[in-house]
Ligand code: GAR
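Numbering (my numbering), first residue to last: 1 to 208.
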């Protein structure tokens, strides 16, 4: 691990299985990522990501996002920010978090909210991106780790990794191939951040 890196204090927000959080945790435990997961939050009470957090003794909580169905806003956003700040989080990792985050969270953690998206942005933003790529007939798919901005899947791109779309692919087989690359890309992006090697030039992320 680089001696010039700083410890990232990560808060993870996820809605599903949490395999991306697991990849970050694995990198930390392998000593290849200088970071700590301080808190895991999910808007889905029985999400597997919370089971993973429990199994690894990571602080975790369910975030009641009612009355909103598709965004993190209002009192839920305020509670989320308060929990993250109380945990000393300085970097927010969206890992399969299926809600739109609003400017309040972005203002609380400026240029410190990252997301992983299962497509090569700007192609196929939004939901079920691998399915969109398959139905469109794309020959290449992949994943993107990016800083989050006020748009949906529009923020500055840190890392992308590509995979082929193969004859006979189903949504499930393509997503599985993309996820293999996600589990490399997210720890890699966080490592660059911890090493202070990311800087913004307009909307371009320059790598030092
Ligand atoms: C990942 O494929 C991630 O890219 C995607 O959800 C999956 C979560 O998997 N995110 C989005 O679609 C966000 N728009 P995980 O819970 O196993 O990390």
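Positions of the beta carbon are idealized from the N, C-alpha and C atoms, including for glycine.
Item	Value
Take residue 129 and list the residues in its own chain whose beta-carbon comes closer than 7 Å to its own, dropping the five residues that flank it on each side.	117, 118 and 119
Using 7 Å as the threshold, is the C-beta distance between residue 197 and residue 185 below it?	no
Closest to residue 97 by C-alpha separation, out of 47, 112, 110 and 86, would be which residue?	47
Per DSSP, residue 107 is paired with what?	The partner list for residue 107 (beta bridge, DSSP) is empty, contrary to what the question assumes.
Taking only heavy atoms of the ligand GAR into account, decide whether any of them is closer than 6 Å to the Cβ of residue 187.	no
Out of 172, 176, 150 and 157, state which residue places its alpha-carbon closest to the alpha-carbon of residue 193.	157
Between 94, 127, 165 and 34, which has its C-alpha nearest residue 140's C-alpha?	165
Taking the C-alpha atoms as reference points, what is the distance between residue 75 and residue 38?	22 Å
Spatial neighbours of residue 73 within its chain, please: C-beta separation below 6 Å, excluding the five flanking residues on both sides.	102
Grab me the residues of residue 181's own chain with a C-beta within less than 8 Å of its C-beta, minus the 5 sequence neighbours each way, in chain order.	142, 143, 161, 162 and 163
Just to confirm, is the Cβ distance from residue 93 to residue 159 under 7 Å?	no
CB residue 134 to CB residue 171, shorter than 7 Å?	yes
With 16 other CB atoms within 10 Å as the buried threshold, where does residue 57 fall?	exposed
Is residue 24 near residue 125, with beta carbons less than 7 Å apart?	no
Do residue 19 and the ligand GAR come close, with the Cβ less than 6 Å from some heavy atom?	yes
Taking the CB atoms as reference points, tell me whether residue 95 and residue 14 lie closer together than 7 Å.	yes
Nearer than 6 Å: is that true of the beta carbon of residue 162 relative to any heavy atom of the ligand GAR?	no
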